[in-house]
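Under UniProt numbering, think of the first position of the sequence shown as 1, with each following residue one higher. Even glycine gets a Cβ: it sits at the ideal position worked out from N, Cα and C. All of these numbers come straight from a predicted model, not from anything done at the bench. Here's the structure, in structure tokens; my notes come after.
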Amino acid sequence: MHLHIPSQFLQSRIVSQPLYRRPRCSHMAAIAPIGPQLSQPPLSHPPPSKLTTVKALSESSGLSSIPSIYTFPKQPNHEPVSDTKEPIPTIDFSLLISSNPDERSKTIRELGKACGDWGFFMVTNHGVPERMMKAMIEVCREFFELTEEEKGECEGKHVLDPIRYGTSFNPSVDKILYWRDYLKIFQHPAFHSPSNPPSFREIALEYSKRTRGVMKEIVRGISESLGLEDKYIEKASNLENCLQIMIANLYPSCPQPELAMGLPAHSDHGLLTLLIQNDTVGLQVLHKDKWVNIHPIPNSFLANIGDHIEILSNRKYKSVLHRAVVNDRDARISIALAHGPAMDAAVSPAPMLLEDGQNPLAYRAMKYKEYVELQQSNKLDGKSCLEHIRNRGI
Ligand code: OGA
Ligand code: NI
1 MHLHIPSQFL QSRIVSQPLY RRPRCSHMAA IAPIGPQLSQ PPLSHPPPSK LTTVKALSES
61 SGLSSIPSIY TFPKQPNHEP VSDTKEPIPT IDFSLLISSN PDERSKTIRE LGKACGDWGF
121 FMVTNHGVPE RMMKAMIEVC REFFELTEEE KGECEGKHVL DPIRYGTSFN PSVDKILYWR
181 DYLKIFQHPA FHSPSNPPSF REIALEYSKR TRGVMKEIVR GISESLGLED KYIEKASNLE
241 NCLQIMIANL YPSCPQPELA MGLPAHSDHG LLTLLIQNDT VGLQVLHKDK WVNIHPIPNS
301 FLANIGDHIE ILSNRKYKSV LHRAVVNDRD ARISIALAHG PAMDAAVSPA PMLLEDGQNP
361 LAYRAMKYKE YVELQQSNKL DGKSCLEHIR NRGI
């Protein structure tokens with residue numbers, strides 16, 4: 001493992017700065033992009049195995065301060081509040097799938113309110129066994145414990161490679177590095193798995209299936225809560241072939257947590273993310289202009305709606321900014337299962353939500369595959385991808 005990261009990173013960034021903006025396809029070339037200019041960097045990311053991971057850095061002996069490349073600028077407007085009196089909403093999944101119509105419609109109303117007010121909610125009684133969730137976290141921990149050489153087999157070269165192990169978010173464009181290592185795996189429509197640890201495949205296959213089942217029911221509920229047919233979102237986004245990505249995040253303990261950032265403020269690109277974590281907190285959600293620490297109920301999923309619900313609902317439900325902070329005591333592991341439309345689906349706002357002419361079409365359609373590629377190839381920057389496809393001035 002190379003421990004001289006700062007110069008190494010600086011060097012790799014000099015060679016791989018985005019030099020030009022490459023149109024993704026003739027459609028995008030023809031339409032002048034609206035909103036912030038995002039760039040497609042050349043595909044020469046430095047291979048993660050040649051970069052120092054945060055895990056290796058945090059384990060290097062005598063580390064009492066962080067390299068300056070990890071020092072994150074303060075955002076004075078968004079002071080964190082440690083805890084909020086207003087807890088994030090909880091949805092009882094067993095009532096969402098209840099055969100009692102009153103229970104179900106009450107839960108759908110609560111779900112709609114949770115999406116509108118917070119964009120984040122906890123999901124209890126979801127039926128995924130606790131031991132399966134724990135096994136998933138444990139096998140991800142084991143993955144991160146492998147040698148860098150072993151993990152290096154999972155390094156990806158392109159942001160759409162089905163298995164990608166790396167550090168920070170996108171080191172070829174990150175000006176500041178995030179205190180985070182990750183493993184990203186495409187699990188649907190085709191299931192992929194690292195070959196090590198040997199039990200990863202079996203645990204992840206089952207977990208991804210069960211999680212998709214939960215996602216589908218929640219998406220049906222969201223559809224109904226918008227006044228749409230329960231299968232509207234499912235059909236519009238071709239959920240049969242949904243892109244499901246597992247993102248395992250490792251945030252090692254950090255000697256100067258107040259200076260570093262695990263993941264900066266961002267929204268998720270898909271429809272619905274279901275997240276679990278070990279016992280360490282670190283997720284913050286922007287709610288009413290304040291960062292709120294989230295303390296999940298044990299054995300629950302933390303769910304959040306992504307940009308594609310904002311698109312489909314024509315901004316009735318908005319994807320919510322969230323970030324991960326780090327601490328100087330314990331390593332944190334989180335596993336997010338991000339569910340989006342099929343890769344070749346180009347989702348638009350539901351016409352029924354524009355009916356009265358009061359709500360002009362807020363977004364133009366972009367193929368999900370291109371949207372993911374755009375988000376993953378640039379620096380992680382709030383909701384800049386959504387802004388990119390926003391129709392303005394109508
Ligand atoms: C993500 C994410 C938050 C966390 O992976 O998209 O927002 O708590 N993770 O790790
Ligand atoms: Ni996220």
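Exercise. Ordered along the chain, which non-local residues of its own chain (more than five positions away) have a Cβ less than 7 angstroms from that of V159?
Worked result: E373, Q376, S377
For this session: Run the proximity test for A336: is its beta-carbon closer than 7 angstroms to any non-hydrogen atom belonging to the ligand NI?
Result: yes
For this session: Select from W179, K134, P351 the residue whose C-alpha is nearest the C-alpha of R323.
Result: W179
Exercise. Can you tell me the Cα-Cα spacing of E240 and K184, whole angstroms?
Worked result: 21 angstroms
Exercise. N304 bridges to which residues according to DSSP?
Worked result: F120, T273
For this session: Verify the contact flag: G282, CB atom, against every heavy atom of the ligand OGA, threshold strictly below 7 angstroms.
Result: yes
Problem set entry | Contact test: Q277 Cβ vs the ligand OGA heavy atom, cutoff 7 angstroms | yes
Problem set entry | Cα-Cα separation between E310 and V281, rounded to whole angstroms | 27 angstroms
Problem set entry | Distance, M246 Cα to A345 Cα | 20 angstroms
Exercise. Does the ligand OGA have a heavy atom nearer than 7 angstroms to the CB of N249?
Worked result: yes
Problem set entry | Beta-carbon separation (whole angstroms), L96 vs E217, contact threshold 8 angstroms | 6 angstroms
Exercise. Hey, would you say the C-beta of L263 is under 7 angstroms away from at least one heavy atom of the ligand OGA?
Worked result: yes
For this session: Using only alpha-carbon positions, find the residue among K290, I333, K151, H308 that is nearest to A342.
Result: H308
Exercise. What's the call for Q244, buried or exposed, on a 16-neighbour Cβ count within 10 Å?
Worked result: buried
For this session: Measure the alpha-carbon distance for N304 versus S319 and round it to whole angstroms.
Result: 8 angstroms
For this session: Decide if the region 86-95 is in contact with the region 107-125; the criterion is three or more beta carbon pairs, one per stretch, under 8 angstroms apart.
Result: yes
Exercise. CA-CA distance, I66 and R104?
Worked result: 50 angstroms
Problem set entry | Through-space distance from N293 to F301, alpha-carbon basis | 16 angstroms
For this session: Pair every Cβ in the region 132-152 with every Cβ in the region 185-204, then say whether three or more of these pairs are closer than 8 angstroms.
Result: yes
Exercise. Quick one, are the C-beta atoms of N314 and L353 less than 8 angstroms apart?
Worked result: yes
For this session: On a CA-only basis, which of F144, D279, Y70, P264 is nearest A248? Give me that one, please.
Result: F144
Exercise. Going by C-alpha distance, which of Y165, C254, G156 is nearest G62?
Worked result: C254
Problem set entry | Q284 versus P257: straight-line alpha-carbon distance, rounded | 14 angstroms
Problem set entry | 3 or more residues per run - each beta strand (DSSP E) lying fully within the region 324-373 | 332-340
Exercise. Where do the ends of the alpha helix (DSSP H) carrying L321 lie?
Worked result: Neither: L321 is in no alpha helix (DSSP H) and is coded neither H nor E.
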